Every structure is written in structure tokens, then in C-alpha cells.
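The next block holds one structure in the form of C-alpha cells; read it before the comments.
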Amino acid sequence: MKQEFSKRRKKLAAMMEPGSIAILVSAPEKIRSRDTHFPYRQDSDFYYLSGFCEPESVLVLVPGRRQGECLMFCRERDPEKEIWDGYRAGPEGAVKHYGADDAFPIDDIDDILPGLLEDRQRVYYAMGKDAAFDSRLMAWINDIRARSRSGATSPGEFIDLDHLLHELRLFKSAAELREMRKAAKISAQAHCQAMRACRPGMYEYQLQAEIEHVFARNGARYPAYSSIVGSGANGCILHYVENSAKLRDGDLVLIDAGCELNYYASDITRTFPINGKYSGEQKAVYEVVLASERAAIDKVVAGNHWNDPHEASVRVITEGLVDLGLLKGSVDGLIEQEAYRDFYMHRAGHWLGMDVHDVGDYQVEQQWRLLEPGMVMTVEPGIYISPDNEKVAARWCGIGIRIEDDVAITAKGTEILTSAVPKDVAEIEQLMAG
Ligand code: GLY
Ligand code: MN
Ligand code: MN
């Protein structure tokens with residue numbers, strides 16, 4: 001893995017203009033309440049280039065610098081603090097284990113970083129993410145400016161680092177894809193477990209526990225995002241995370257949950273009947289969503305553009321809503337008027353990677369971007385019939401269905417990473433009956 005991180009830094013360096021420096025800051029620790037913290041999660045960009053998971057760290061890349069191109073600032077080792085809060089690599093460890101050419105205590109950054117900025121023309125930095133660090137950086141620059149009469153020259157150009165780095169992150173390497181396959185497999189197992197465990201009378205959070213138990217048991221210690229377990233009409237709330245309702249016989253439950261494994265996300269949604277058998281209406285809507293998901297996945301092909309899968313899902317959903325009598329009119333006209341948006345109000349998917357809604361532009365020069373090998377995305381159409389929708393018969397109201405898979409475009413073709421969890425009605429009913 002050390003080589004993988006160094007390869008990424010080299011790729012970024014090759015994209016940077018001559019005479020430049022890149023600065024990345026670790027994620028802050030976040031307090032949950034009083035003196036307890038949320039579990040620490042390193043910033044994805046920082047981790048992508050360093051593999052280093054400690055807070056209070058700064059990574060500096062100075063391509064072409066003879067005394068070392070990759071520098072790290074981090075916490076010093078401290079036996080007393082380590083007894084309480086755990087191991088620290090220290091600057092020594094940053095060099096030995098993380099491929100830094102040189103490393104320094106974070107407390108020395110004010111003395112060292114201005115010297116690194118001096119005589120560089122351009123700074124690559126993600127301005128606006130960390131206000132405190134933004135102003136420190138400006139103070140260092142001003143400090144150099146103040147010394148201009150003694151010959152110091154300060155960088156004249158600030159460039160958004162995100163732009164370059166996120167273009168790199170959009171294309172997954174073989175090693176990244178291996179992690180993503182593993183994450184997807186664990187999440188698929190977890191969804192199967194939720195289907196097996198589900199019974200009327202349980203609570204949504206108990207299904208959440210089944211899912212997250214499988215994640216953790218398999219080494220994926222955290223969900224990639226807050227698990228969504230919405231039963232009945234809660235399935236119509238796109239990011240429902242309360243997960244507190246009782247599961248009622250005859251309702252569906254929508255579970256949107258995916259683990260994070262070694263900094264890579266997975267993202268799966270399945271919607272299944274709490275009692276193990278879809279009702280007529282539930283099945284009718286489900287089949288439309290499933291057909292639209294399959295049609296969208298068929299469009300995830302290198303050379304197609306980003307919006308092709310979405311457009312395919314819109315067409316199948318609109319046709320289905322007309323067939324079910326939930327929309328009236330011509331399919332083309334309804335698509336034109338976006339009438340489907342009362343039932344399908346989100347996009348068919350997003351990039352997937354270290355972040356669940358991963359980085360990378362969806363448009364290039366105001367055109368939808370073409371799909372290419374290395375990209376990974378979700379496909380997740382849905383139909384949500386609001387419990388308050390007075391335009392449709394009551395028997396449809398409160399049905400919320402989404403089906404979501406993770407799809408990679410590889411040199412060999414399209415690979416569905418999450419195919420180990422069933423989505424056909426018969427297969428789901430069979431798994432639940434078993
Ligand atoms: N779980 C968030 C999403 O599917 O986009
Ligand atoms: Mn999802
Ligand atoms: Mn998603």
C-alpha cells in the first residue's frame with residue numbers, strides 16, 4: 001500500500017504547474033458531547049495521498065525540491081498521552097512507515113512552512129474547508145510579503161487543489177477496486193441478513209443493528225453514511241435516519257445502508273416486505289423500479305454519458321406510472337413536463353469511492369461527462385408515493401421503493417459490485433422464507 005500512496009503523490013505532482021507546492025490538512029476531531037468525541041475519520045483527500053490516519057497533521061508536497069518532496073507535520077510521540085489516547089506515529093514513524101521524505105512536529109509548523117512557501121510561485125490548497133488553517137496560511141504568506149525588501153518572494157497564485165485531486169480520485173486503481181469489491185460484498189451480506197431477520201413487531205433500529213453487526217464483524221467498523229431503515233411511509237423520506245418505528249405486518253421496509261471498509265464506501269438499497277410477501281400494489285410498483293434500475297445499469301457503459309442511465313430510469317418509471325394509472329398522459333409529454341418528479345425526485349446515482357457521494361465532476365465544459373473505465377457509480381432509482389398524495393387511489397399511498405446497486409466500469413466491461421444481494425421479487429421472498 002505504501003507504494004500505492006507514493007504513486008498517487010507522483011501522479012498529482014505531474015499534474016501540478018512548475019514551481020508549486022501543495023498543502024493538505026487532516027480532518028479535525030469532532031466533539032459529540034462535552035468531552036467525548038465522534039470516532040475520528042481522516043479527511044479522504046489527506047488519506048488518499050498519505051495513508052496517515054492521525055489528526056493534527058499537515059501534508060506538504062513540493063515537487064522538484066531536492067531535499068525531499070513529501071513532507072509531513074504531525075503530533076510528536078508522547079508516552080504519557082499515548083497511554084490515554086493511543087499510539088502516535090510521530091515524525092519518525094511518518095518517515096519510516098508513510099513514505100514522507102522528512103517529517104516535523106506539528107508545533108514547529110510556524111517556523112518551517114513559511115520557508116517552504118518562499119520562492120514557490122503557486123500554492124495548491126483547498127481554500128474554505130478549514131477557516132483557522134486558511135488564516136494561518138495567509139499569515140505565513142503575509143509574513144513572506146513583509147520580507148520582500150530583503151529578497152523574499154511569496155507565491156502569487158492560489159489554485160484549488162480539489163480540482164486536480166478529485167479528478168485523480170474519480171478513476172479507481174486496481175487496488176482501490178479490490179477494496180470496493182470487498183466493501184460491497186460485506187454490505188450485500190448485511191442486507192441478506194436483514195431480510196432473514198426481519199419480522200413484524202421488530203423496530204427499525206433492530207434491523208439497523210442486524211446490518212451494522214454484519215459490517216463490524218467483517219472488519220468494516222463504520223457505516224459509510226447513516227443507515228436508513230424506513231418502514232411503511234417512512235420509506236418515502238429519502239434520507240430517513242430516525243429508524244425508530246415499529247415494523248408493521250403488511251408494510252414494506254426500505255433499507256439504504258453500506259459499510260466503509262479501509263476508507264472505501266459501499267451503498268446498497270433494498271426494499272422488501274416485512275412479512276416476507278409483497279402485496280399486489282407493492283409488487284406492481286416494485287417491478288417498475290426494478291425494470292428502471294436494470295435499464296439504467298444497461299446504460300452504464302464506457303462511452304455513454306453520465307446522464308444516460310438517469311434518462312433510461314426516467315423513461316421506464318414514467319411508462320410504469322402510466323401503466324399503473326398513477327400518471328395520465330403521453331409518456332413523452334410527461335417526461336417533458338417532468339411529471340415523474342412527484343414520484344421520483346432524485347437522480348439515478350452518484351460517483352462512489354472513498355466518500356459515498358464521491359468527488360469528481362459530472363460535467364466537463366457544461367456537457368455531461370462520458371463514462372470511462374475506472375469510474376464507479378451507484379444506480380438507484382425509486383418511486384415514492386407520498387401518504388398525502390390526493391391525486392392517486394389510497395391503496396398506493398405510502399409505498400416507497402428504491403433499489404440501489406454499485407457499478408464499476410472496468411476495462412473488461414461493467415461490473416455490478418453488489419450483485420450478491422437479491423433483488424428479484426421471487427428471490428427475495430425465497431430468502432425471507434428460508
Ligand atoms: N445513501 C445515500 C445515497 O444513496 O445516496
Ligand atoms: Mn444509498
Ligand atoms: Mn447512493
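Numbered according to this note's numbering, the sequence shown spans residues 1 to 434. Built from N, CA and C at the ideal position, the CB exists for glycine as well. Note that the structure is predicted; figures quoted are calculated from it, not measured.
Minimum C-alpha distance to residue i - residue among the options
i, options, result
"Ala-420", "Ala-22, Ile-255, Asp-45, Lys-182", "Lys-182"
"Gly-235", "Tyr-263, Ile-274, Phe-215", "Ile-274"
"Asp-162", "Gly-230, Ile-255, Pro-373, Gly-128", "Gly-128"
"Glu-167", "Gly-360, Arg-8, Asp-143, Gln-121", "Gly-360"
"Leu-164", "Gln-430, Ala-13, Ile-416", "Ala-13"
"Tyr-286", "Val-425, Glu-69, Asp-405", "Val-425"
"Arg-41", "Leu-431, Ser-57, Ser-33, Lys-96", "Ser-57"
"Val-289", "Gly-320, Trp-368, Trp-306", "Gly-320"
"Ala-194", "Pro-79, Ile-268, Gly-303, Val-300", "Ile-268"
"Arg-136", "Lys-391, Leu-117, Pro-223, Ala-152", "Leu-117"
"Ser-231", "Ala-94, Arg-217, Ala-174, Gln-208", "Gln-208"
"Met-72", "Pro-91, Pro-79, Asp-85", "Pro-91"
"Pro-155", "Glu-338, Ile-21, Gln-430", "Ile-21"
"Gln-366", "Phe-215, His-305, Gly-219, Leu-24", "His-305"
"Tyr-203", "Ala-216, Ser-173, Arg-248", "Arg-248"
"Ala-103", "Ala-126, Leu-61, Arg-120", "Leu-61"
"Asp-101", "Gly-64, Phe-158, Asp-108, Tyr-344", "Gly-64"
"Phe-272", "Cys-192, Asp-143, Ile-159", "Cys-192"
"Ala-216", "Ser-244, Ile-228, Cys-259", "Cys-259"
"Ala-131", "Leu-431, Ala-27, Ile-144", "Ala-27"
"Arg-395", "Ser-50, Met-16, Leu-324", "Leu-324"
"Tyr-264", "Arg-77, Glu-429, Leu-370, Met-354", "Met-354"
8 Å contact criterion, which residue i and residue j should meet: CB distance rounded
i, j, result
"Ile-106", "Cys-74", "6 Å"
"Ala-348", "His-310", "4 Å"
"Pro-381", "Ala-296", "6 Å"
"Ser-292", "Ile-317", "5 Å"
"Cys-70", "Gly-99", "6 Å"
"Leu-327", "Ala-339", "6 Å"
"Glu-372", "Ala-433", "That belief does not hold up - the Cβ atoms of Glu-372 and Ala-433 are roughly 42 Å apart, past 8 Å."
"Ala-197", "Glu-212", "12 Å between Cβ atoms; not a contact."
"Ala-408", "Leu-177", "6 Å"
"Ile-255", "Val-241", "About 12 Å separates the two Cβ atoms, so there is no contact after all."
Beta strand (DSSP E) segment containing residue i, residue limits
i, result
"Val-421", "Premise fails: Val-421 is in no beta strand (DSSP E) and is neither H nor E."
"Met-72", "70 to 74"
"Ala-22", "20 to 25"
Three-state class that DSSP yields for residue i in the structure shown
i, result
"Asp-342", "helix"
"Asp-405", "strand"
"Thr-318", "helix"
"Glu-438", "The requested residue 438 does not occur in the structure, where the chain is confined to residues 1 to 434."
"Glu-157", "strand"
"Met-138", "helix"
"Met-375", "coil"
"Gly-382", "strand"
"Pro-105", "strand"
"Tyr-222", "strand"
"Ser-33", "strand"
"Ile-274", "coil"
"Ile-297", "helix"
"Arg-77", "coil"
"Leu-261", "strand"
"Gly-128", "coil"
"His-478", "The question about residue 478 has no answer here: the residues shown for the chain are numbered 1 through 434."
"Arg-217", "helix"
"Leu-290", "helix"
"His-97", "helix"
"Arg-122", "strand"
"Gly-400", "strand"
"Leu-431", "helix"
"Leu-12", "helix"
"Leu-170", "helix"
"Val-58", "strand"
Residues that residue i bridges to, as DSSP identifies them
i, result
"Lys-246", "Tyr-203"
"His-310", "Per DSSP, none; premise fails for His-310."
"Asp-256", "Ile-228, Thr-269"
"Gly-64", "According to DSSP, which records beta bridges pairwise, Gly-64 is partnered with nothing at all."
"Ser-6", "Paired residues: none, contrary to the question."
"Leu-165", "Partner(s): none; Leu-165 has no beta bridge."
"Leu-334", "Looking at the DSSP assignment, Leu-334 forms no beta bridge with any residue, so it has no partner."
"Gln-363", "Trp-368"
"Gly-413", "Thr-410"
"His-305", "Leu-370"
Run of the alpha helix (DSSP H) containing residue i, from where it starts to where it stops
i, result
"Ile-112", "109 to 117"
"Met-180", "174 to 197"
"Pro-387", "Neither: Pro-387 is in no alpha helix (DSSP H) and is coded neither H nor E."
"Ser-44", "44 to 50"
"Lys-328", "Run containing Lys-328: none; DSSP gives neither H nor E here."
Ligand 4 heavy atom lying under 7 Å from the CB of residue i
i, result
"Glu-404", "Here the bound small molecules are ligand 1, ligand 2 and ligand 3; ligand 4 is not part of this structure."
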